[in-house]
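See below for the structure under consideration.
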Ligand SMILES: *Cc1c(COP(=O)(O)O)cnc(C)c1O
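In the numbering used here, the protein residues as written are 149 to 547.
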């Protein structure tokens, strides 16, 4: 059985062309890019080229790109750098729906005496700019928000956030791991000071990423050691990964327009097909400001995990809004922050497409889903009368 991979926000397939350009750097060209000899020097040149490719995708200068090991490292570095650059400021603003690589860093910083404001989101997963304005003070060192949410695909009003952050004299960092390659970026004309991206979310391999740091923004490295990355990220470069990321960036730039359109069309077909075939189903999040490849759908009165297991039997890979935390079924912090009702919270599934997704794959999902949901609902403790009762209670006690 072939796999139907609709979990591209978790990770993506490495493009064949990316693998091809990487291979020589795993065998023949093993020199250290920092070496004085030309054997290492030619590797250094290839790294330089990859930096230019990543910069081109972002509309940035080559010197503004620092290669990292992953999105998590980029986020950690950005936060710590912003705080180190402004030692007198002790306040951070972020949102309730960030990735753990932001939220858990902020939680740790709270323990160290920093104050963190976690902006709320509305039912559509959008933040309120007035809440941001009210939270900003002269003590705010950093505003860090994601560009697009990994669970719902909801895109934040980035430039509006940035303008307000700038007005207050705060550094503006954006976790754009889900946005890079899916929405066009031009950082030259943006308010973004720092931006995180990750290779494995855009058809490069795992273990490589990049952090954009705008020229002139004061920066302190997280990893201290040798002089790699102009002293901004020590450690001998992951050369094959970097070469792969460069090629992946080039391919994203090449494909972004037509791939986004195509993915959005297939995503909409999937979404509308499921909504019309299955009752008590709704889309989570702001569909007018959303990534082209993502849909999060709540199938009321059943467990998302049960749907995933059933889909798995057909070789279909998707993801549930909930993460299994130490054996207990903990619903997603993102959907919870949106104030979704209990029944939707537990029965939500994310489908995330890529440029490899085919119409036949979408059709297959549309073919199998109605029966899966029907079967699970038939054995659900929340069926029929109970469902109606619960719906009534949810409405009565709506947030
Ligand atoms: C995947 C992801 C990350 C983490 O990136 P890694 O490279 O896996 O560390 C951070 N933020 C968002 C929004 C993501 O989707």
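We treat Cβ as the ideally placed atom computed from N, Cα and C, and that holds for glycine.
Bear in mind that the values here come from a model prediction, so they are computed numbers and not experimental data.
Got a sec? Which residues, its chain only, sit under 8 Å from residue i by beta carbon, not counting five neighbours each side?
| i | result |
| --- | --- |
| residue 161 | 153, 351, 502 and 504 |
| residue 473 | Low local confidence applies: a pLDDT of 47 at residue 473 is under 50, so the model's placement there is unreliable, with the coordinate-based value given in what follows. Around residue 473: no qualifying Cβ. |
| residue 311 | 339 |
| residue 188 | 179, 180, 181 and 182 |
| residue 267 | 241, 242, 243, 244, 275, 276, 279, 280, 283 and 293 |
| residue 454 | 524 |
| residue 258 | 264 |
For residue i, collect the residues of the same chain with a Cβ closer than 7 Å to its Cβ; drop the 5 residues on either side in sequence, then sort them by chain order.
| i | result |
| --- | --- |
| residue 163 | 351, 396 and 399 |
| residue 500 | 154, 155, 156, 157, 441 and 442 |
| residue 387 | 173, 181, 191 and 195 |
| residue 149 | 463 |
| residue 485 | 244, 245, 268 and 269 |
At the level of alpha carbons, what is the spacing between residue i and residue j?
| i | j | result |
| --- | --- | --- |
| residue 246 | residue 269 | 11 Å |
| residue 159 | residue 219 | 12 Å |
| residue 168 | residue 191 | 16 Å |
| residue 235 | residue 196 | 33 Å |
| residue 389 | residue 251 | 27 Å |
| residue 518 | residue 422 | 8 Å |
| residue 369 | residue 222 | 11 Å |
| residue 214 | residue 193 | 15 Å |
| residue 520 | residue 373 | 54 Å |
| residue 317 | residue 528 | 53 Å |
| residue 383 | residue 291 | 28 Å |
| residue 449 | residue 509 | 26 Å |
| residue 452 | residue 237 | 42 Å |
| residue 465 | residue 151 | 7 Å |
| residue 263 | residue 255 | 9 Å |
| residue 341 | residue 365 | 7 Å |
| residue 303 | residue 204 | 22 Å |
| residue 418 | residue 358 | 32 Å |
| residue 430 | residue 307 | 29 Å |
| residue 217 | residue 437 | 30 Å |
| residue 526 | residue 323 | 41 Å |
| residue 408 | residue 420 | 18 Å |
| residue 361 | residue 175 | 32 Å |
| residue 377 | residue 184 | 16 Å |
I'd like to check one pair, residue j with residue i: are the Cβ atoms closer than 9 Å?
| i | j | result |
| --- | --- | --- |
| residue 379 | residue 356 | no |
| residue 590 | residue 226 | Nothing about residue 590 can be reported from this structure: the residues present for the chain run from 149 to 547 only. |
| residue 287 | residue 239 | yes |
| residue 343 | residue 335 | yes |
| residue 253 | residue 295 | no |
| residue 319 | residue 289 | yes |
| residue 166 | residue 353 | yes |
| residue 337 | residue 207 | yes |
| residue 498 | residue 468 | yes |
| residue 394 | residue 198 | yes |
How about residue i: is its C-beta nearer than 9 Å to some C-beta of chain D?
| i | result |
| --- | --- |
| residue 375 | Here chain D cannot be found, since the structure has a single protein chain. |
Between the Cα of residue i and those of the options, spot the shortest distance and give me the residue it belongs to.
| i | options | result |
| --- | --- | --- |
| residue 332 | 173, 191 and 402 | 402 |
| residue 284 | 258, 314, 304 and 273 | 314 |
| residue 513 | 277, 425, 487 and 528 | 425 |
| residue 212 | 343, 369, 363 and 255 | 363 |
| residue 173 | 244, 385 and 359 | 385 |
| residue 496 | 412, 414 and 478 | 478 |
| residue 506 | 205, 420, 487 and 414 | 414 |
| residue 325 | 305, 308, 297 and 319 | 297 |
| residue 248 | 224, 418, 319 and 456 | 224 |
| residue 405 | 330, 230 and 437 | 330 |
| residue 489 | 271, 456 and 522 | 271 |
Along the chain, where does the beta strand (DSSP E) containing residue i start, and where does it finish?
| i | result |
| --- | --- |
| residue 430 | 429 to 431 |
| residue 215 | 213 to 216 |
| residue 499 | 496 to 500 |
| residue 343 | 342 to 346 |
| residue 323 | 319 to 323 |
| residue 291 | 288 to 294 |
| residue 310 | Where residue 310 is concerned, there is no enclosing beta strand (DSSP E), although the alpha helix (DSSP H) it sits in stretches over 306 to 315. |
Output needed for residue i: all residues of its chain with C-beta closer than 6 Å, excluding positions within five of it in sequence on either side, in chain order.
| i | result |
| --- | --- |
| residue 516 | 462 |
| residue 300 | 273, 432, 433 and 444 |
| residue 412 | 440 |
| residue 233 | 366 |
| residue 265 | 241 and 283 |
| residue 229 | 367 and 368 |
For the alpha helix (DSSP H) that residue i lies in, which residues bound it at each end?
| i | result |
| --- | --- |
| residue 227 | 219 to 233 |
| residue 435 | Premise fails: residue 435 is in no alpha helix (DSSP H) and is neither H nor E. |
| residue 520 | 507 to 526 |
| residue 275 | No alpha helix (DSSP H) holds residue 275; DSSP gives it neither H nor E. |
| residue 170 | 164 to 170 |
| residue 390 | 387 to 425 |
| residue 447 | No alpha helix (DSSP H) holds residue 447; the beta strand (DSSP E) holding it covers 442 to 447. |
| residue 379 | 376 to 379 |
| residue 481 | 481 to 485 |
| residue 154 | Segment: none, residue 154 is in no alpha helix (DSSP H) and carries neither H nor E. |
Let me check you understand the geometry: is the CB of residue i closer than 8 Å to at least one non-hydrogen atom of ligand 2?
| i | result |
| --- | --- |
| residue 297 | Ligand 2 is not part of this structure, which contains only ligand 1. |
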